[in-house]
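Colleague: Structure incoming, see below.
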Amino acid sequence: MLKLQLSRESQKFLDNLPPKQFRQIVKKVFFLMENPLPHDSQEMKGYPFLRNDIGEYRIIYDIQEATLRIILIGKRNDDEIYKHLGRK
Numbered sequence: 000m001l002k003l004q005l006s007r008e009s010q011k012f013l014d015n016l017p018p019k020q021f022r023q024i025v026k027k028v029f030f031l032m033e034n035p036l037p038h039d040s041q042e043m044k045g046y047p048f049l050r051n052d053i054g055e056y057r058i059i060y061d062i063q064e065a066t067l068r069i070i071l072i073g074k075r076n077d078d079e080i081y082k083h084l085g086r087k
């Protein structure tokens, strides 16, 4: 199992979620820690990251050595997540 590293933006986003959505995303993150390359993950075009969707949310992450780094979490159809990603 991989170690987990959350970015500050991801932590803030999770802190402001309703309980149901929080549980869904955290469950998916734990699943990614066990299997970081599931069949529904895709490489992002133009970025060195992977993405995975859970409901209406998108998790952007990468794997470095034995660590799963959660870069961003945001709404799937919201351009804000890509604006934040462009600043990284």
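Just so you know, we're using numbering that gives the first Met the number 0 here: the sequence shown kicks off at 0 and counts up by one. We treat Cβ as the ideally placed atom computed from N, Cα and C, and that holds for glycine.
K2 by DSSP, collapsed to three states: which one?
Modeller: The residue you call residue 2 lines up with position 3 of the sequence shown. K2 falls in the strand class under three-state DSSP.
Colleague: Give me the Cα-Cα distance between Q10 and F21, rounded to the nearest whole angstrom.
Modeller: Within the sequence shown, numbered from 1, the residue matching residue 10 stands at position 11. Within the sequence shown, numbered from 1, the residue matching residue 21 stands at position 22. Distance between the alpha carbons of Q10 and F21: 11 Å.
Colleague: Do A65 and K96 count as a contact pair if the criterion is CB distance below 7 Å?
Modeller: There is no way to answer for residue 96, as the model of the chain reaches only from 0 to 87.
Colleague: Using a Cβ-Cβ distance cut-off of 7 Å, determine whether G54 contacts chain D.
Modeller: Looking for chain D here will not work: only one protein chain is present.
Colleague: Got a sec, what are the start and stop residues for the alpha helix (DSSP H) L13 sits in?
Modeller: Translated into the one-based positions of the sequence shown, residue 13 becomes position 14. Note, L13: alpha helix (DSSP H), R7 to D14.
Colleague: When the Cα atoms are used, what is the spatial distance from V25 to S6?
Modeller: Numbered from its first residue, the sequence shown carries residue 25 at position 26. Numbered from its first residue, the sequence shown carries residue 6 at position 7. Rounded to the nearest angstrom, the two C-alpha atoms are 14 Å apart.
Colleague: Where does E55 sit, in a helix, a strand or coil, going by DSSP?
Modeller: By one-based count along the sequence shown, residue 55 stands at place 56. Three-state result, E55: coil.
Colleague: Nearest to R75 by alpha carbon, out of F29, R50 and P37?
Modeller: Counting from one through the sequence shown, the residue named residue 75 turns up at place 76. Answer by Cα proximity: R50.
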